[in-house]
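J.: Can you read through this structure? Questions will come right after.
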DNA sequence: TCCGGTTACAGTCAGCATGACCACAACCCG
DNA sequence: CGGGTTGTGGTCATGCTGACTGTAACCGGA
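See below:
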């Protein structure tokens with residue numbers, strides 16, 4: 282944004298990488314795809330595409346999810362995470378990558394193919410977890426920490442569940458993302474006393490397989506920031 | 282980060298824009314420069330440069346400050362803010378800009394020239410304030426809000442003052458950035474009880490022109506996050 | 001039909017952090 | 001010396017939180 286007399290030369294390529302998180306079976310999971318490059322066989326990467334000349338960054342993020350994982354979730358939460366511009370982050374040359382964080386209740390089409398898969402976040406970085414390509418082992422922790430952090434001071438947890446939801450379901454989101462157990466009674470008191478977090482809906486939800494009292498249904502409230510915040514234990 | 286078979290073509294230009302904030306005379310101020318373009322006469326812009334092929338993003342941020350405002354402050358806090366990629370944000374063509382937030386106690390060389398100047402943040406957006414070029418009227422509010430927000434949960438306020446400092450100086454930073462008055466006694470209790478925020482230094486600071494009891498000196502602590510947070514009133 | 005198990009919901013209580021004050025200390029200036 | 005100013009230490013009431021207890025409402029099996 283300056284040097285207007287500079288010639289219009291190509292300085293470096295721009296790409297978008299998307300870290301899509303979801304909660305399945307009470308576990309936080311991350312979407313990864315297999316790179317096409319033969320040299321990267323056996324590794325996994327975040328779905329990402331080059332930015333086209335006539336395309337906004339958000340559009341590239343949506344296109345990455347659609348083309349590489351078949352996910353078209355227009356209601357999914359999508360926000361920019363950070364831009365990674367290390368000189369050597371891509372062996373093919375200088376590529377600046379704008380990373381995105383995406384949250385969704387259930388990826389539209391279950392992407393459990395051999396090209397796109399959901400991985401337990403708890404297993405990332407361990408021997409059983411996938412090996413990440415490029416510098417994605419730096420992007421992924423940033424994305425997870427952003428999600429964990431934003432659960433504290435924003436109503437983002439509601440982006441992981443479908444409406445209507447119960448407070449038990451919402452609590453299981455917090456427990457899966459944070460990896461801790463929360464007291465049900467205190468969680469309820471906190472959520473319902475935070476203005477605009479959730480709104481009561483009609484009817485009751487049937488109990489789960491183990492029985493239990495039916496729970497009230499709720500919908501997302503209008504608040505985007507939580508006051509006061511829901512702090513991690 | 283994908284489509285490895287795609288040719289190495291120029292998709293779009295990449296630039297860095299820096300929003301440098303400082304506190305002078307108890308007022309939060311922002312550094313702006315005059316664009317070279319004749320069509321933008323009378324407007325002001327964030328200092329920014331194109332990213333070179335062999336240059337990291339952080340390096341471009343430092344170079345922008347040095348070349349356009351003569352500021353070489355290696356100890357200044359510098360962090361990435363967000364990347365702006367709107368198709369029409371630059372009339373000269375598609376330019377993706379990685380915005381940075383910089384905080385410094387005193388800009389190395391006082392940049393009060395006709396090309397670079399500090400503006401009161403309170404006046405931005407008003408009739409007396411400068412007219413901003415490009416989409417910088419979108420970047421600047423994001424930068425200010427980031428700074429205000431990070432004062433809450435990080436020890437970033439210490440980046441605005443030089444060591445050693447008094448708690449009165451640190452409090453004036455909070456008051457200038459947030460635009461509110463804080464109770465001196467409660468502020469002190471909060472700061473000294475937050476582990477790692479500040480550490481006591483040697484000696485006392487002389488009182489200001491109006492007199493007053495000498496204040497203890499402090500240095501930055503080792504903590505980067507504040508637990509619990511210092512919330513805005 | 002009763003009974004244990006499970007989940008949802010409601011309430012109590014102590015501890016901690018906070019905001020609103022008050023009091024004193026230590027300097028400057030006139 | 002005495003008022004003004006700033007720094008520092010304290011009290012007190014309030015509100016949020018974690019830990020905990022108790023009741024409601026459902027399931028499944030004996």
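Protein chains in written order, with our numbering: chain A, 282 to 514; chain B, 282 to 514.
Where is the CB? At the ideal position from N, CA and C, for every residue including glycine.
Have a look at residue 362 (chain A) and residue 312 (chain A) and give me their C-alpha separation to the nearest angstrom.
T.: Each residue's alpha carbon lies about 16 Å from the other.
J.: Roughly how many whole angstroms lie between the Cα atoms of residue 466 (chain B) and residue 506 (chain A)?
T.: Cα to Cα, residue 466 (chain B) sits roughly 29 Å from residue 506 (chain A).
J.: Name the residue from B:414, B:400, B:359, B:337 whose alpha carbon lies nearest to the alpha carbon of residue 369 (chain B).
T.: Nearest C-alpha to residue 369 (chain B): B:414.
J.: Could you check whether residue 501 (chain A) and residue 479 (chain A) sit closer than 8 Å to each other, using their CB atoms as the reference points?
T.: In this structure, residue 501 (chain A) lies closer than 8 Å to residue 479 (chain A) by Cβ.
J.: Suppose you measure from the CA of residue 351 (chain A) to the CA of residue 325 (chain A); what does that come to, to the nearest Å?
T.: Approximately 17 Å between the Cα atoms of the pair.
J.: Using 10 angstroms around the beta-carbon of residue 343 (chain B), count the other beta-carbons present and answer buried if the total reaches 16, otherwise exposed.
T.: By the neighbour-count rule (16 or more Cβ atoms within 10 Å), residue 343 (chain B) is buried.
J.: Where in the segment 299-366 of chain B do unbroken runs of the beta strand (DSSP E), each at least 3 residues long, occur, reported from the N-terminal end onward?
T.: Qualifying beta strand (DSSP E) stretches, in chain order: 308-314, 329-331, 358-365.
J.: Give the residues of chain B in contact with residue 361 (chain A), contact being defined as C-beta atoms less than 8 Å apart.
T.: Here the neighbours are 363, 364.
J.: Can you tell me whether residue 316 (chain A) is buried or exposed? The criterion is at least 16 other CB atoms within 10 Å of its CB, across all chains shown.
T.: Under this definition residue 316 (chain A) is a buried residue.
J.: Determine the DSSP secondary structure at residue 438 (chain B), reduced to helix, strand or coil.
T.: Of the three classes helix, strand and coil, the one that applies to residue 438 (chain B) here is helix, per DSSP.
J.: How is residue 381 (chain A) classed by DSSP in three states: helix, strand or coil?
T.: Correct three-state label for residue 381 (chain A): strand.
J.: Can you give the Cα-Cα distance for residue 262 (chain A) and residue 387 (chain A), rounded to whole angstroms?
T.: Since the first residue of chain A shown is 282 and the last is 514, residue 262 (chain A) is not available in this structure.
J.: For the alpha helix (DSSP H) containing residue 479 (chain B), list its first residue and its last residue.
T.: Per DSSP, residue 479 (chain B) belongs to no alpha helix (DSSP H); it is in the beta strand (DSSP E), 479-486.
J.: Counting only the same chain and skipping the five closest in sequence on each side, list residues whose C-beta sits under 8 Å from that of residue 307 (chain B).
T.: Cβ within range, chain order: 453, 456, 457.
J.: Taking only beta-carbon atoms, is residue 337 (chain B) less than 8 Å away from chain A?
T.: Chain A, which has a Cβ nearer than 8 Å to the Cβ of residue 337 (chain B), makes this yes.
J.: Within 10 angstroms of the Cβ of residue 320 (chain B), are there 16 or more other Cβ atoms? Answer buried if so, exposed if not.
T.: Per the 10 Å Cβ criterion, exposed.
J.: Can you name the residues of chain A whose CB is closer than 9 Å to the CB of residue 461 (chain B)?
T.: Going along chain A, no residue has its Cβ under 9 Å from residue 461 (chain B), so there is no contact; the nearest lies around 16 Å.
J.: Just checking: is the beta-carbon of residue 418 (chain A) within a distance shorter than 8 Å of some beta-carbon in chain B?
T.: Chain B, which has no Cβ nearer than 8 Å to the Cβ of residue 418 (chain A), makes this no.
J.: Are residue 498 (chain B) and residue 484 (chain B) closer than 8 Å when you measure CB to CB?
T.: Yes. Within cutoff.
J.: Let me confirm a value: residue 411 (chain A) is counted as buried when at least 16 other C-beta atoms fall within 10 Å, else exposed. Which label applies?
T.: Buried, since its Cβ has 16 or more Cβ neighbours within 10 Å.
J.: Report the neighbours of residue 368 (chain B) on chain A: residues whose CB is nearer than 9 Å to its CB, in chain order.
T.: 334, 335, 336, 337, listed in chain order.
J.: Starting from the beta carbon of residue 379 (chain B), find every residue of chain A whose beta carbon is closer than 8 Å, and list them in chain order.
T.: Residues of chain A passing the Cβ test: 364, 366, 377.
J.: Looking at residue 383 (chain A): is its Cβ nearer than 8 Å to the Cβ of residue 299 (chain A)?
T.: Closer than 8 Å, so yes.
J.: Using three-state DSSP, classify residue 492 (chain A) as helix, strand or coil.
T.: DSSP places residue 492 (chain A) in strand when its eight states are reduced to three.
J.: Would you check if the distance between the CB atom of residue 379 (chain A) and the CB atom of residue 364 (chain B) is smaller than 8 Å?
T.: Yes, the pair counts as a contact, with Cβ atoms nearer than the cut-off.
J.: Mapping DSSP to helix, strand and coil, what is residue 401 (chain B)?
T.: Reduced to three states, the DSSP call for residue 401 (chain B) is strand.
J.: Exposed or buried, residue 329 (chain B), counting other C-beta atoms within 10 Å across all chains shown (16 or more means buried)?
T.: Under this definition residue 329 (chain B) is a buried residue.
J.: Check this for me: beta carbons of residue 451 (chain A) and residue 436 (chain A), under 8 Å apart or not?
T.: No.
J.: Near residue 400 (chain A), what residues of its chain come up, given a Cβ to Cβ distance below 7 Å and the 5 sequence neighbours on each side ignored?
T.: Excluding positions up to five away in sequence, the list reads 310, 311, 313, 410, 411.
J.: Should residue 288 (chain A) go down as buried or exposed, given a rule of 16 or more other Cβ atoms within 10 Å for buried?
T.: Confidence is the limiting factor: at residue 288 (chain A) the pLDDT is only 43, short of 50, which leaves the residue's position unreliable and the question unanswerable from this model.
J.: Using the Cβ count rule (16 or more neighbours within 10 Å means buried), how would you classify residue 304 (chain A)?
T.: So residue 304 (chain A) ends up on the buried side.
J.: Are the C-beta atoms of residue 495 (chain A) and some chain B residue less than 8 Å apart?
T.: Answer no: the Cβ-Cβ gap between residue 495 (chain A) and chain B never drops below 8 Å.
J.: Taking 8 Å as the threshold (C-beta atoms), are residue 293 (chain B) and residue 375 (chain B) in contact?
T.: Yes.
J.: Skipping 5 residues on each side, what residues in its chain have a beta carbon closer than 6 Å to that of residue 492 (chain B)?
T.: Counting only Cβ-Cβ distances below 6 Å, and skipping sequence neighbours, we find nothing.
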